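Trainee:
Numbering (this note's numbering), first residue to last: 7 to 405.
1) Using CA atoms only, rank isn't needed, just tell me which of 339, 170, 243, 248 is closest to residue 278.
2) Can you tell me which of the three DSSP states residue 320 falls into?
3) Can you name the residues that DSSP bridges to residue 261?
4) Report the partner residues of residue 15 according to the DSSP bridge assignment.
5) Check the C-beta distance from residue 199 over to residue 213 and give it rounded, since I have them as a contact under 8 Å.
6) Keeping to the same chain, check which residues put their C-beta closer than 7 Å to that of residue 107; ignore five residues upstream and five downstream.
7) What do you get for residue 127, buried or exposed, if any count of 16 or more other CB atoms within 10 angstroms of its CB means buried?
8) Among 242, 330, 208, which residue has its Cα nearest to the Cα of residue 220?
9) So, at 6 Å on beta carbons, what are the nonlocal neighbours of residue 154 in its own chain, with the 5 sequence-adjacent residues on each side left out?
10) Does the distance from the C-beta atom of residue 299 to that of residue 311 stay below 8 Å?
11) On the three-state DSSP scale, how would you describe residue 52?
12) Quick check: the Cα distance between residue 177 and residue 196, rounded to an integer number of angstroms?
13) In terms of alpha-carbon separation, which member of 56, 143, 320, 323 lies closest to residue 92?
14) Can you tell me whether DSSP reads residue 107 as helix, strand or coil?
15) Does the count of Cβ pairs from the segment 164-177 and the segment 201-210 closer than 8 Å reach three?
16) What does a CB cutoff of less than 6 Å around residue 187 pick up in its chain, not counting 5 residues either side in sequence?
17) Distance, Cα to Cα, residue 32 vs residue 263?
18) Buried or exposed, going by whether 16 or more other CB atoms sit within 10 Å of the CB of residue 58?
19) Could you tell me whether any Cβ in chain B is nearer than 8 Å to the Cβ of residue 71?
20) Taking residue 39 as part of the beta strand (DSSP E), name the residues at either end of that continuous run.
21) With DSSP run on the structure shown, which of helix, strand or coil describes residue 191?
22) Using a Cβ distance threshold of 8 Å, determine whether the segment 282-300 contacts the segment 346-359, with at least three qualifying pairs required.
23) For the structure I just gave you, are there three or more beta carbon pairs, one from the segment 20-37 and one from the segment 79-89, closer than 8 Å?
24) Do residue 37 and residue 56 have their beta-carbon atoms positioned less than 8 Å apart in this structure?
25) Could you say if the segment 271-290 and the segment 130-150 meet the contact criterion of at least three C-beta pairs nearer than 8 Å?
26) Could you tell me the boundaries of the beta strand (DSSP E) in which residue 81 lies?
27) By the 10 Å Cβ neighbour count, where 16 or more other Cβ atoms means buried, how is residue 255 classified, buried or exposed?
28) On a Cα-Cα basis, can you pick out the residue from 61, 282, 46 that is closest to residue 53?
29) Return the residue from the list 24, 77, 131, 98 that minimises the CA-CA distance to residue 83.
30) Nearest by alpha-carbon distance to residue 261: which of 284, 96, 151 is it?
31) Counting Cβ pairs, one atom from each stretch, are 3 or more of them under 8 Å apart for the segment 13-21 and the segment 148-167?
32) Can you give, in chain order, each stretch of the alpha helix (DSSP H) that sits fully within the segment 152-191 and has at least 4 residues?
33) Going by the DSSP bridge assignment, what does residue 32 pair with across the sheet?
34) Are the Cβ atoms of residue 41 and residue 35 separated by less than 8 Å?
35) DSSP on residue 256, reduced to helix/strand/coil?
36) Thinking C-beta only, is residue 346 closer than 8 Å to residue 305?
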């Protein structure tokens, strides 16, 4: 049910494009897209509102985007600039309240319940500051919970209509009017309902969120299980989720899409090693280790497979990740088979623990280190964790 909370959702409109317009003001008002090159299978990471009028959308192949919008300008991404701009905005949000949950580089929730000003004033002042101080357009939704606040933002954008300019919208759903706000919206507008679920609901003659609330609940739960109960709750505007101050990553992954299909084994294995090294560096920087190594392979016909294996001991070492990933790859790849994409991932993350193969923190993966690492792992796997002890530990036991 609706409560007395006030949750604000902010979305930086066409964020990458807004930053690019700061870098190059001549882009303003023009159809352009940020992303990879069309001749190298690039995809659209973000596109200006002028480009969206032609039907260009995020995640669309850049080659297709240029076909439907021949005058489209393509801009390579400058991700350090995006990260810097995002951090500036998020830091500003935290000046008002520590109850800020960043959900992506350009979106966040804020619990503004305890702030003294009205929701309208808070939204207007926040938007004005982000517009003027950071030069970034943003849309804001406010409601009694995260679900409705997020949907209020989306609705506000649509209500402003389509134009060459960012919507810079503000929409507030008063407490107690959550269900009436949601009722006339299409069922696929419900946050969390994807195309497949929406199609199944449409087959049941459920086309609006209001239709969903009037449908027998037992039939929905029978068809969709626990998820069915949850979407009914959401359709009624019920969402009790609290602001999450810090998200813990569940996995780390890296992938590469080749500009041309690759058949050479040396190139493919070298790519896996590079991806594994990047993942290892990220894990070590976060001081975490993982227990599951995954490989992702996309063939030239776009068929994609993933394979994974669970390690006996958690690790963040480059050698362990790359050797395991290469082993998985070789089991699935046929000699000479063209590959479009390769990805490597590590999941089952937990805080890093000092173990016997952390013996050299300044190691640069020398051949000696590799052999020692392999020998230690073999001993541990064969005889268990107690087979080896630090010399310092033995000294301590004697004193």
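We treat Cβ as the ideally placed atom computed from N, Cα and C, and that holds for glycine. Computed from a prediction, not measured in an experiment: that's the story for all the values here.
Mentor: Looking at the atomic coordinates:
1) To locate residue 278, count along the chain shown from 1; it is residue 272. Comparing Cα-Cα distances from residue 278 to each of 339, 170, 243, 248, the minimum goes to 339.
2) As a first step, residue 320 is located in the chain shown; it is residue number 314 there, counting from the start. Three-state result, residue 320: strand.
3) Counting from one through the chain shown, the residue named residue 261 turns up at place 255. The partner list for residue 261 (beta bridge, DSSP) reads 349.
4) Residue numbering aside, residue 15 sits at position 9 when the chain shown is read from its first letter. 115, 147.
5) As a first step, residue 199 is located in the chain shown; it is residue number 193 there, counting from the start. As a first step, residue 213 is located in the chain shown; it is residue number 207 there, counting from the start. About 12 Å separates the two Cβ atoms, so there is no contact after all.
6) Position 101 of the chain shown, counted from the start, is the residue given in the question as residue 107. The residues are 114, 115, 249, 250, 251.
7) To locate residue 127, count along the chain shown from 1; it is residue 121. Per the 10 Å Cβ criterion, exposed.
8) For this step, residue 220 is matched to residue 214 along the chain shown. Minimum Cα distance to residue 220 is reached at 242.
9) Start at 1 with the first residue of the chain shown, and residue 154 comes out as number 148. Contacts found: 179, 184, 243.
10) Working through the chain shown from its first residue, we reach residue 299 at position 293. Working through the chain shown from its first residue, we reach residue 311 at position 305. Result no, Cβ atoms of residue 299 and residue 311 do not sit closer than 8 Å.
11) Against the chain shown, residue 52 aligns to sequence position 46. Correct three-state label for residue 52: strand.
12) Reading the chain shown from its first residue, position 171 is the one you call residue 177. Reading the chain shown from its first residue, position 190 is the one you call residue 196. Approximately 16 Å between the Cα atoms of the pair.
13) Taking the first residue of the chain shown as 1, we reach residue 92 at position 86. The shortest Cα separation from residue 92 among 56, 143, 320, 323 belongs to 143.
14) As a working mapping, residue 107 is identified with position 101 in the chain shown. Looking at residue 107 - three-state DSSP - the assignment turns out to be strand.
15) no
16) Along the chain shown, one-based indexing puts residue 187 at 181. Excluding residues within five positions, the ones whose Cβ falls inside 6 Å are 179.
17) Translated into positions along the chain shown, residue 32 becomes position 26. Translated into positions along the chain shown, residue 263 becomes position 257. Cα-Cα distance, rounded: 31 Å.
18) Taking the chain shown and counting its residues from 1, the one referred to as residue 58 is at position 52. Burial call: buried.
19) No chain B appears in the structure shown, which is made up of a single protein chain.
20) As a first step, residue 39 must be located in the chain shown, where it is residue number 33. Per DSSP, residue 39 belongs to the beta strand (DSSP E) from 38-41.
21) On the chain shown, position 185 is the one that residue 191 refers to. Three-state DSSP puts residue 191 in coil, outside helix and strand.
22) yes
23) yes
24) Position 50 of the chain shown holds residue 56. Position 31 of the chain shown holds residue 37. Cβ atoms of residue 56 and residue 37: closer than 8 Å.
25) no
26) Taking the chain shown and counting its residues from 1, one reaches residue 81 at position 75. Start and end: 79-81.
27) What you label residue 255 is simply residue 249 of the chain shown in a count that begins at 1. Classification for residue 255: exposed.
28) Counting from 1 along the chain shown, the entry for residue 53 is found at position 47. Nearest option by C-alpha distance: 61.
29) Residue numbering aside, residue 83 sits at position 77 when the chain shown is read from its first letter. The shortest C-alpha separation from residue 83 is found at 24.
30) Here residue 261 is taken as the residue at index 255 of the chain shown, counted from 1. Comparing Cα positions, the closest option is 284.
31) yes
32) 152-165, 184-188
33) Along the chain shown, read from residue 1 onward, the residue named residue 32 stands at position 26. Residue 32 is not bridged to any residue.
34) Residue mapping note: residue 41 aligns to position 35 of the chain shown, counting from 1. Residue mapping note: residue 35 aligns to position 29 of the chain shown, counting from 1. In this structure, residue 35 does not lie closer than 8 Å to residue 41 by Cβ.
35) In the chain shown, counting from the first residue as 1, residue 256 sits at position 250. Coil.
36) For the purposes of this step, residue 305 is identified with residue 299 of the chain shown, where counting begins at 1. For the purposes of this step, residue 346 is identified with residue 340 of the chain shown, where counting begins at 1. Result yes, Cβ atoms of residue 305 and residue 346 sit closer than 8 Å.
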